[in-house]
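Participant:
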Amino acid sequence: MATQIDLPTSDQNEPALGVAEAVTSEISTLHALQADGDYSAAVLGATRLLSDHPSNRDLLLIEAHSLRMMKQTDAALAALERFEAHHPNFSQLFLERGLCHVAKRDAAAAIQCLRRAVSMNPALVMGWHMLDGLYRMTGDSRSADLAARHSASLASLPQPIVHAKVLHGDGEMDAAEALIRRFLIEAGDHPEAMRLLAQIGHLRNVLDDAETLYAGVLAMVPDHDEARHEYVQVLIARHKFPQAREALEPLLSRDPRNHAHRTQAATISVGLGSFSKVIPEYREMLSEIPGDTIDARVRRADLNLWLGHALKTEGLTGEAIEAYLAATVDRPDFGDAWWSLANLKTYRFAVESIAVMREQLDAAGTAENDRVHIAFALGKALEDQGEFAASWAAYDQGNRMHRVSNGYIPEVFETNTREQKRVCTTSFFAERSSWGLDDPAPIFVLGLPRSGSTLIEQILASHSMVEGTQELPDIQRIVQELQGRELNFDNPRYPGVLPDLDEAAVRRFGEQYIADTLPNRVMNRPYFIDKMPNNFRHVGLIHLILPNAKIIDARRNPMACCFSNYKQLFAQGQEFTYGIEDIARYYRTYVELMDHWDTVLPGRVLRVRHEDLIDDLEGNVRTILDYCALPFETGCIEFHKTKRSVRTPSSEQVRQPIFRDGLDQWKNFEPWLGRLREALGPDLVQL
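The sequence shown begins at 79 in our numbering and counts up one residue at a time.
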């Protein structure tokens with residue numbers, strides 16, 4: 079059976095670009111041979127080149143496809159086995175395998191492979207077309223109708239869009255973007271082309287472009303439910319929760335029982351701080367998932383994970399543990415669920431759970447992301463058992479795996495710090511002393527993660543005049559606006575652009591911050607906390623646009639803080655924490671920048687040392703309240719009694735009275751922290 083195949087345009091697994099370029103002309107020749115039906119010559123050419131380039135994806139696909147077209151089905155399947163060893167997650171591998179099973183008249187195996195292919199890459203026209211026929215042959219008319227709709231939808235699109243979708247589905251982002259942009263320039267606006275460009279923007283975290291493109295698609299096709307669902311996801315990613323709720327409403331109105339829409343609604347409620355509202359919703363959705371299929375187990379595991387998060391945030395720890403454990407029952411390799419248990423900090427793993435984690439960490443089928451999560455969870459479990467050498471090995475494994483993929487570049491932060499010191503001088507602020515919005519409501523608690531900032535937040539949020547919110551992204555949004563879209567790490571636009579702002583622009587940014595944070599302020603108290611730790615980079619900007627805001631720097635012993643970061647797996651960001659040298663380098667630069675703010679803005683930032691707060695709670699609480707111009711309240715001393723949602727990893731710890739046990743936990747790992755001590759240097763280690 080002849081079929082049109084969508085060949086990739088680049089080799090993703092060759093270690094050097096020059097090697098891939100060296101075989102490009104030969105691959106083009108082989109494609110031409112296939113187009114002419116000379117499959118025997120194509121196989122011979124691919125086999126010859128594969129001896130030198132055994133992992134080249136194009137060549138492996140040419141070999142398998144040509145063998146199938148020559149009706150050498152068993153040889154094609156054997157070639158696909160070799161293919162899978164190098165590219166186990168390539169959709170067209172499973173498409174070819176499915177077509178081989180069609181040739182062997184094995185409908186069940188063909189359906190299984192083709193379903194996997196289209197689930198990985200929904201743009202595979204041939205996959206949907208073949209599934210339509212196979213489902214009808216086996217009497218599954220409902221699945222056949224669904225496949226037919228997908229096939230017809232793709233067939234209705236211009237070929238360049240379909241080709242770009244295939245490239246996008248297989249991770250060829252550069253090629254897909256180039257092709258779809260060229261199509262839009264030549265053909266003008268097209269909703270599916272704009273949608274694909276928006277999807278690429280979302281994947282690349284260019285969220286403002288993605289939002290604009292999706293809005294354009296929906297202006298052209300208001301009832302495009304898939305695009306609307308994706309648009310809501312982008313709004314959620316941008317923390318635009320009120321806008322996301324409005325955009326989601328048409329989907330919920332049309333299909334109020336749809337789990338995907340209800341899940342988005344729950345995520346929006348969580349973003350707006352309504353955790354208690356989503357708990358019964360998650361439970362109801364869980365009750366609506368019948369059976370014990372793989373799909374049902376995966377869906378239940380996800381819902382139990384989200385339910386656990388909501389319960390934990392509301393302080394219902396016992397129920398959260400039950401939800402997380404239920405997720406691991408449905409999915410024993412669910413790293414996020416295992417780590418969520420560890421991340422409670424107060425939970426202690428059973429011996430049986432540790433055995434399961436060890437087994438799943440080493441299992442060949444465990445996905446890399448799950449493996450990372452399990453390694454960190456196992457590290458915490460073994461630490462609690464006093465097995466510090468094994469615990470260190472697990473933490474170290476998790477960090478090394480994560481560091482390989484996170485792309486952290488330490489020079490970016492260091493360049494920004496140099497620019498902050500160059501731009502934000504004493505004279506710069508003196509010349510703008512009367513600028514900005516004089517609203518005193520914000521209290522910024524900043525510093526490094528794992529430095530005690532959640533404790534300070536809980537103390538302040540226990541005051542009758544202060545509202546605790548969360549780690550708000552709004553200062554970072556202003557930074558992104560000032561930075562612009564052209565990122566130049568060597569010569570960044572921000573903070574260099576700050577001197578170009580006039581008084582009106584500075585005030586406008588202050589007003590923008592207050593307006594954007596309003597949805598997170600539901601208690602109508604005069605003051606609120608923004609606990610985004612990375613705001614320490616932007617103290618100059620905060621002072622400029624909000625000169626009456628309070629700024630508290632949470633500081634912790636360097637060895638304790640750095641090691642605590644090393645054993646913490648963050649949900650997102652904080653990519654500096656996955657390497658000992660990276661952490662030490664970041665800590666040193668943080669101290670350098672905070673020293674600069676102390677010099678150019680003397681007295682502007684209150685520094686609260688975690689160890690001092692533990693040693694003298696009342697004295698330091700009074701200092702904090704005096705700095706914030708707040709009257710003393712005993713509730714701030716009894717902060718652990720305050721009932722509120724806490725989202726950070728320290729949520730369970732701040733619901734307990736002050737204790738000193740955690741101050742020196744890092745010393746259990748001192749035999750492995752020599753590199754950290756050396757990288758920090760004696761001046762910092764003694765702090």
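Even for Gly, the Cβ is constructed at its ideal location relative to N, Cα and C.
(1) What does a CB cutoff of less than 7 Å around S347 pick up in its chain, not counting 5 residues either side in sequence?
(2) Under 8 Å from any heavy atom of the ligand FMN, does the C-beta of E270 make it?
(3) Kindly confirm or deny that the region 471-485 and the region 597-609 touch, where touching means at least three C-beta pairs closer than 8 Å.
(4) For F710, name the three-state secondary structure that DSSP assigns.
(5) First and last residue of the beta strand (DSSP E) that includes E545?
(6) Quick one: using the 10 Å Cβ neighbour count with 16 as the cut-off for buried, is S129 buried or exposed?
(7) Which same chain residues end up closer than 8 Å to R259 when comparing Cβ atoms and leaving out the 5 residues on each side of it in sequence?
(8) If I521 and C706 are in contact, beta carbons under 8 Å, what's the gap, nearest whole angstrom?
(9) Would you list the residues sitting across from V523 in a DSSP beta bridge?
(10) Would you kindly report the start and end of the unbroken alpha helix (DSSP H) that includes R687?
(11) Cα-Cα, which of A455, L329, L394, T406 is closest to L381?
(12) Could you pull out every residue in the same chain whose Cβ sits closer than 6 Å to the Cβ of S642, ignoring the five residues on either side in sequence?
(13) From the DSSP output, read off the bridge partner residues of Y605.
(14) Just the C-alpha distance for M543 and Q536, rounded to the nearest angstrom, thanks.
(15) Under the assumption that L192 contacts L171 (Cβ atoms under 8 Å), give the Cβ distance between them as a whole number of angstroms.
(16) Do the region 693-701 and the region 640-658 touch if we need at least three Cβ pairs shorter than 8 Å?
(17) Considering only the alpha carbon of each residue, which of L127, R126, L173, P132 lies closest to R146?
(18) Alpha carbon to alpha carbon, what distance is there between H302 and R608?
(19) When the Cβ atoms of the region 417-426 are set against those of the region 379-394, are three or more pairs found closer than 8 Å?
(20) Throw me the rounded Cβ distance for the R585 and L515 pair, which I believe falls under 8 Å.
(21) Given a threshold of 16 other Cβ atoms within 10 Å of its Cβ, counted over all protein chains shown, does D448 qualify as buried or as exposed?
(22) May I have the straight-line CA-CA distance separating D761 from T667, to the nearest angstrom?
(23) Can you tell me whether G369 is buried or exposed, with buried defined as 16 or more other CB within 10 angstroms of its CB?
(24) Is DSSP giving S365 helix, strand or coil here?
(25) Determine the contact status of Q150 and F454, defining contact as a CB-CB distance below 9 Å.
(26) To the nearest angstrom, how far is the alpha carbon of D414 from that of W384?
(27) Helix, strand or coil for P358, going by three-state DSSP, please let me know.
(28) Helix, strand or coil: which one does DSSP assign to V376?
(29) For L619 versus V557, is the C-beta distance shorter than 9 Å?
(30) Helix or strand or just coil, what does DSSP make of K149?
(31) Please confirm whether I314 and Q342 have their CB atoms less than 9 Å apart.
(32) Given a threshold of 16 other Cβ atoms within 10 Å of its Cβ, counted over all protein chains shown, does Q650 qualify as buried or as exposed?
(33) Could you check the C-alpha separation between L751 and Q743 for me, to the nearest Å?
(34) Measuring straight from C-alpha to C-alpha, what distance separates N91 and F168?
(35) Taking buried to mean at least 16 other C-beta atoms within 10 Å of its own C-beta, is K458 buried or exposed?
(36) With DSSP collapsed to three states, give me the class of T371.
Facilitator: On the basis of the data shown:
(1) Within the sequence shown, the letter at position 269 stands for residue 347. Excluding residues within five positions, the ones whose Cβ falls inside 7 Å are K355, V356.
(2) Only the bare structure without any ligand can be found here, which leaves the ligand FMN out of the picture.
(3) no
(4) For the purposes of this step, residue 710 is taken as the residue at position 632 of the sequence shown. In this structure, F710 counts as coil in the three-state DSSP scheme.
(5) Numbered from its first residue, the sequence shown carries residue 545 at position 467. Here the beta strand (DSSP E) through E545 covers 544-548.
(6) As a position in the sequence shown, residue 129 is number 51, starting the count at 1. Counting every other CB atom within 10 Å of its CB across the protein chains shown gives S129 a total below 16, marking it as exposed.
(7) Translated into positions along the sequence shown, residue 259 becomes position 181. Within the same chain, R259 has close Cβ partners L275.
(8) Sequence index remark: in the sequence shown, residue 521 carries index 443 (1-based). Sequence index remark: in the sequence shown, residue 706 carries index 628 (1-based). Right, the Cβ-Cβ distance comes to about 6 Å (below 8 Å), so this counts as a contact.
(9) As a working note, residue 523 is residue 445 in the sequence shown. V523 pairs with I630.
(10) By one-based count along the sequence shown, residue 687 stands at place 609. From DSSP, R687 is part of no alpha helix (DSSP H) but of the beta strand (DSSP E) over 683-687.
(11) Within the sequence shown, numbered from 1, the residue matching residue 381 stands at position 303. Among A455, L329, L394, T406, the Cα nearest to that of L381 belongs to T406.
(12) In the sequence shown, residue 642 corresponds to position 564, counting from 1. Within the same chain, S642 has close Cβ partners R528.
(13) Here residue 605 refers to the residue found at position 527 when the sequence shown is read from its first residue. Its beta-bridge partners are V544.
(14) As a first step, residue 543 must be located in the sequence shown, where it is residue number 465. As a first step, residue 536 must be located in the sequence shown, where it is residue number 458. Take the alpha-carbon of M543 and the one of Q536: they are about 13 Å apart.
(15) As a position in the sequence shown, residue 192 is number 114, starting the count at 1. As a position in the sequence shown, residue 171 is number 93, starting the count at 1. L192 to L171, Cβ: 12 Å. No contact.
(16) No, because fewer than three Cβ pairs between the region 693-701 and the region 640-658 fall closer than 8 Å, the two stretches do not touch.
(17) Your numbering for residue 146 matches position 68 in the sequence shown. Of the candidates L127, R126, L173, P132, the one whose C-alpha sits nearest the C-alpha of R146 is L173.
(18) By one-based count along the sequence shown, residue 608 stands at place 530. By one-based count along the sequence shown, residue 302 stands at place 224. According to the sequence as given, residue 608 is Asp; it is not Arg. Approximately 37 Å between the Cα atoms of the pair.
(19) yes
(20) By 1-based counting over the sequence shown, the position of residue 585 is 507. By 1-based counting over the sequence shown, the position of residue 515 is 437. Yes, R585 and L515 are in contact; Cβ-Cβ is about 5 Å, under 8 Å.
(21) To locate residue 448, count along the sequence shown from 1; it is residue 370. Flag for D448 reads buried.
(22) Residue numbering aside, residue 761 sits at position 683 when the sequence shown is read from its first letter. Residue numbering aside, residue 667 sits at position 589 when the sequence shown is read from its first letter. Going by the C-alpha atoms only, they are around 13 Å apart.
(23) Reading the sequence shown from its first residue, position 291 is the one you call residue 369. Exposed, since its Cβ has fewer than 16 Cβ neighbours within 10 Å.
(24) To locate residue 365, count along the sequence shown from 1; it is residue 287. Of the three classes helix, strand and coil, the one that applies to S365 here is helix, per DSSP.
(25) What you label residue 150 is simply residue 72 of the sequence shown in a count that begins at 1. What you label residue 454 is simply residue 376 of the sequence shown in a count that begins at 1. No, the Cβ-Cβ distance between Q150 and F454 is not below 9 Å.
(26) Translated into positions along the sequence shown, residue 414 becomes position 336. Translated into positions along the sequence shown, residue 384 becomes position 306. Approximately 10 Å between the Cα atoms of the pair.
(27) Position 280 of the sequence shown, counted from the first residue, corresponds to residue 358. In the structure shown, P358 sits in a helix (DSSP, three-state: H, G or I).
(28) Mapped onto the sequence shown, residue 376 falls at position 298. In this structure, DSSP gives V376 a helical state, which the three-state scheme calls helix.
(29) In the sequence shown, the residue the question calls residue 619 occupies position 541. In the sequence shown, the residue the question calls residue 557 occupies position 479. Taking 9 Å as the Cβ cut-off, L619 and V557 qualify as a contacting pair.
(30) To locate residue 149, count along the sequence shown from 1; it is residue 71. The answer is coil: DSSP assigns K149 none of H, G, I, E or B.
(31) Here residue 314 corresponds to residue number 236 of the sequence shown, with the count starting at 1. Here residue 342 corresponds to residue number 264 of the sequence shown, with the count starting at 1. Yes, they are a contact pair.
(32) Walking along the sequence shown from the start, residue 650 turns up at place 572. Looking at its Cβ environment, which holds fewer than 16 other Cβ atoms inside 10 Å, Q650 is exposed.
(33) Sequence index remark: in the sequence shown, residue 751 carries index 673 (1-based). Sequence index remark: in the sequence shown, residue 743 carries index 665 (1-based). In this structure, the straight-line span from the alpha carbon of L751 to that of Q743 is close to 12 Å.
(34) Counting from one through the sequence shown, the residue named residue 91 turns up at place 13. Counting from one through the sequence shown, the residue named residue 168 turns up at place 90. Any reading at N91 must be qualified, since the residue scores a pLDDT of 43, below 50, and its modelled position is unreliable; no value is offered.
(35) The residue labelled residue 458 in the question sits at position 380 within the sequence shown. Classification for K458: buried.
(36) As a first step, residue 371 is located in the sequence shown; it is residue number 293 there, counting from the start. The answer is coil: DSSP assigns T371 none of H, G, I, E or B.
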